[in-house]
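**Student:**
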Amino acid sequence: MRISTKGRYALEAIVLLAARSKETGAVSIRKIANETGISYGYLEQLFTLLRKCGLIMSKKGSKGGYLLSRDASSITVGEVYLHTEGSIALVGCDDEKPPYNTEKSFIIPDLWNEIDDTIAYLVNNITIESLASCFLKRESEQNYNYNI
Amino acid sequence: MKLSAKSIYGIRGLLDMAMHSKSSHVKLSDVAKRQKIPLRYFEQVATDLRKSGYIYSKKGAHGGYGLAIPATQIYISEILNVLEGDMRLTDRPSNRQTLLQQCIEEMVYEVLNEKIADLLNSTTLQKMLDNYIEKECEPMYYI
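If you read the protein sequences in the order shown, they are chains A and B. Residues 41 to 188 (this note's numbering) are what the first sequence spells out, left to right. Residues 1082 to 1224 (this note's numbering) are what the second sequence spells out, left to right.
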């Protein structure tokens, strides 16, 4: 039941994009690749997906690159996973195929709904803004320490 | 990030066993039929659960399977450890995480994994069963 590599990389890339675009405007894939260690080729494909989903947009030109399509405070982790995982449910009892489909004769534990609701609540309430802020704060603390 | 079919079928089958094996043993084929689980699949699940000590099998005329531990003492986290491996949404973090990965680990993954673990570690098979029976047996009022 792991979150996919795509999901993990997407979250990292989007948070970094949010952080860096605050400082410098549009960010290139090359920069994201260098800072995250994710391969350029992979990011190219990932960013095409994220652009099509409306999470990021591209800016052409000499200072071109990518930007978030909306304010980082209005994009949640849940939204990112929705596009990369398909669904953020662990069980998702309304899926059509067995074993997730439900019929009256099956025992459908409340626990599954509770887990799915908990996950949804958590990921839908963590914004990219909060993650980017955390990162930038730690980065400046680290730089401060190095500069003493 | 879906739970595997093995776990869904496994828990469903185990709940059925808990419900039906109180006074007599159950046949895997009956459980599979009631819960619409492919029998071959459920046989494999039963083998794993038997080897881990949660269910036992008895041969003979009135034989079949039963719970080896009371449902009140079986935690869902234990069963899922057997069937799913572990209940994490992410692998344990390596020592060499970037600053960015650390932030995401702390604010997203740790929180999620802990919350899920809490829910599973506090829910017994019996509790799940009680919830289900309560839900299913709610009387309907007609005016």
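Note that beta-carbon positions come from the ideal geometry of N, C-alpha and C, so glycine has one too. Owing to the predicted nature of the structure, the values given are computational and were not obtained by experimental measurement.
1) List, from N- to C-terminal side, the beta strand (DSSP E) runs of 3 residues or more that fit wholly inside the stretch 1094-1160 of chain B.
2) What span of residues does the beta strand (DSSP E) with Lys62 (chain A) cover, start to end?
3) Rounding to the nearest angstrom, what Cα-Cα distance links Gly126 (chain A) and Ala50 (chain A) in this structure?
4) Counting only C-beta atoms, is Lys1139 (chain B) closer than 8 Å to chain A at any point?
5) Taking the C-alpha atoms as reference points, what is the distance between Gln1154 (chain B) and Val1163 (chain B)?
6) So, for Ala73 (chain A): in the same chain, excluding its five sequence neighbours on each side, which residues have a beta-carbon less than 7 Å away from its beta-carbon?
7) Taking all protein chains shown into account, decide if Gly47 (chain A) is buried (16 or more other Cβ within 10 angstroms of its Cβ) or exposed.
8) Looking at C-alpha atoms only, which residue of B:Gln1183, B:Gly1144, B:Gly1147 and B:Leu1201 is the closest neighbour of Arg1169 (chain B)?
9) Kindly examine the ligand NAP and report whether one of its heavy atoms sits closer than 7 Å to the Cβ of Asn1176 (chain B).
10) Which chain B residues are close to Arg42 (chain A), counting only those with a beta carbon under 8 Å from its beta carbon?
11) List, in order along the chain, the chain B residues whose C-beta lies closer than 7 Å to that of Cys174 (chain A)?
**Tutor:** The answer reads as follows:
1) 1136-1139 and 1145-1148
2) Run containing Lys62 (chain A): none in the beta strand (DSSP E); it sits in the alpha helix (DSSP H), Thr45 to Thr64.
3) Whole-angstrom Cα-Cα distance: 13 Å.
4) Not closer than 8 Å to any Cβ of chain A, the Cβ of Lys1139 (chain B) fails to qualify, so no.
5) 16 Å
6) Ser79, Tyr80 and Leu83
7) buried
8) B:Leu1201
9) By its list of ligands, the structure shown contains no ligand whatsoever, and the ligand NAP lies outside what it can speak to.
10) Met1082, Arg1169, Leu1170, Thr1171 and Asp1172
11) Cys1184 and Met1188
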